[in-house]
Amino acid sequence: MHLSTEGRNKGDTARLESKTMTPKRNCKVQCLQFYYYHSGNESDQLNIWIREYRNETDNRGTLTLMDQITEPPGNYWKLHHVPLNANKTFQVVFEAHKGAGNSSGGFSLDDINISETECPHIWQIRDFEKVLNNTEWESPLYYSSEGYRFQAKLSLWENDLYISVRLVSGAYDNQL
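The structure is reproduced here in structure tokens:
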């Protein structure tokens, strides 16, 4: 699927909505996984929402922003995960938002999947051979399901590759 920002005005949006789904298990955990290809302008963004419905008579639902993709375009497909954690019947809504500047593309989406599991923590290193000139790489910061913030680090020493994980101060420190 493709959400085009080409030839659009700043502030224009296009939406793609899923079918209505109801969580089947009591865990109330879902992971949205998809690949995207960003070929628009670096000011374009992709918003991922869920619309939850209170009951069977609610036909409007309540939208909650779950994630945003705001980054420069790339020339490759990227894997992305979004924890949804819906408690009621819901829909997933993808919304492409046209930013400032010219665009020759937009956002393409493929292999969209929702599972009733926790989302994995993924650290993607593009062009590993190119980054081998460095001796250390740090991952983005992540939160565990218990609220702990952590970061992984890869270190290259002679012919050995080491990985370490460290706890980092985070938003939930006073609650742990």
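Quick note on numbering: the UniProt record's numbering labels position 147 of the sequence shown as 147, and the sequence is numbered without any gaps. Think of the CB as a built atom: it goes at the ideal place given N, C-alpha and C, for glycine as much as any other residue. These numbers were taken from a predicted model, which means no experiment stands behind them.
By the Cβ neighbour-count rule, residue 41 is buried, with 16 or more other Cβ atoms within 10 Å of its own. The beta-carbon separation of residue 15 and residue 107, rounded to 12 angstroms, does not stay under the 8 angstroms limit for a contact. In the three-state reduction of the DSSP assignment, residue 110 falls in the strand class. For residue 100, no beta strand (DSSP E) segment is defined, and its DSSP state is neither H nor E. Annotation note: the UniProt domain "MAM" (1–121) contains the following uninterrupted beta strand (DSSP E) runs of length 3 or greater, listed N- to C-terminal: 2–4, 13–17, 31–38, 45–52, 62–69, 78–83, 90–97, 106–115.
A check of alpha carbon separations from residue 160 across 135, 151, 172 identifies 135 as the nearest. Rounded to whole angstroms, residue 124 and residue 138 show a C-alpha spacing of 11 angstroms.
In terms of Cβ geometry, residue 117 and residue 31 form a close pair [threshold 8 angstroms]. By the criterion of a C-beta distance shorter than 6 angstroms, residue 72 is surrounded in its chain by 42, once the five residues flanking it on both sides are discounted. With respect to the 8 angstroms criterion, residue 7 and residue 44 are not classified as neighbours on the basis of their beta carbons. For residue 163, the enclosing beta strand (DSSP E) stretches over residues 160–168. Excluding its 5 nearest sequence neighbours in each direction, residue 171 has no C-beta neighbour in its own chain below 6 angstroms. Counting C-beta atoms within 10 angstroms of its own C-beta, residue 92 has 16 or more neighbours from the protein chains shown and is therefore classed as buried. If you draw a 10 Å sphere on the C-beta of residue 121, you find fewer than 16 other C-beta atoms in it, and that means exposed. Selection 46, 158, 20, 112 evaluated against residue 65 yields 46 as nearest (Cα-Cα). The residues 135, in chain order, have a CB closer than 6 angstroms to that of residue 156 in the same chain once the five nearest residues on each side in sequence are set aside. Contact between residue 114 and residue 1 is absent: CB atoms are separated by about 15 angstroms, not below the 8 angstroms threshold.
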